[in-house]
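Some notes on the structure that comes next.
Numbering (the numbering used here), first residue to last: 5 to 171.
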């Protein structure tokens, strides 16, 4: 049974700031003591290479830095539409193969997916305004980024073999 450590934050919602468990499938709680869980904090699942799937509920607004760092068995992940903020290194060194970034996330910061060696395809929904070219540093298998025609992306800093498709 997974154990989570909670901390109440300013808006009276909760932040998940600790995880203990060895489950391969993890369901993140949407509510704690009657209030919403909105933030997955720094390093929450860092190094948990036993995790193959994580279910993130609607209501989560922030994914902290290095939250999934080193989750080498995590190949797929559905992000909730409520998500607004990705912090640097959120998915560093995990094994995602593709991901859809919800439109409420307006900025994808540098190093978000650093060294995700299996990441092949990134789809950014309408609403994503800017993607740092350094967001995909070390993503050697990345083949395609699909984003809106108005999404800012410094193509000059990307590997020229990466196809950028504009919607």
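Don't be surprised by glycine CBs; every beta carbon is placed ideally from N, CA and C.
Supposed contact pair residue j and residue i - C-beta distance, whole angstroms, cut 8 Å
| i | j | result |
| --- | --- | --- |
| residue 115 | residue 141 | 6 Å |
| residue 23 | residue 48 | 5 Å |
| residue 80 | residue 57 | 7 Å |
| residue 133 | residue 148 | About 20 Å separates the two Cβ atoms, so there is no contact after all. |
Contact check, residue i vs residue j, beta carbons under 7 Å
| i | j | result |
| --- | --- | --- |
| residue 36 | residue 10 | yes |
| residue 75 | residue 117 | no |
| residue 93 | residue 68 | no |
| residue 84 | residue 55 | no |
| residue 137 | residue 158 | yes |
| residue 39 | residue 63 | no |
| residue 2 | residue 88 | This structure gives no information on residue 2, because the portion of the chain shown stretches from 5 to 171. |
| residue 123 | residue 90 | no |
| residue 33 | residue 41 | yes |
| residue 50 | residue 73 | yes |
In DSSP terms, what residue i is bridged to
| i | result |
| --- | --- |
| residue 30 | 58 |
| residue 22 | 9 |
| residue 126 | 103, 149 |
| residue 66 | 43, 89 |
| residue 97 | DSSP, once it has assigned bridges, lists no residue as partnering residue 97. |
| residue 36 | 39 |
| residue 134 | 111, 156 |
| residue 168 | 149 |
Do three or more CB pairs link the stretch 102–109 to the stretch 123–136 at distances below 8 Å?
yes
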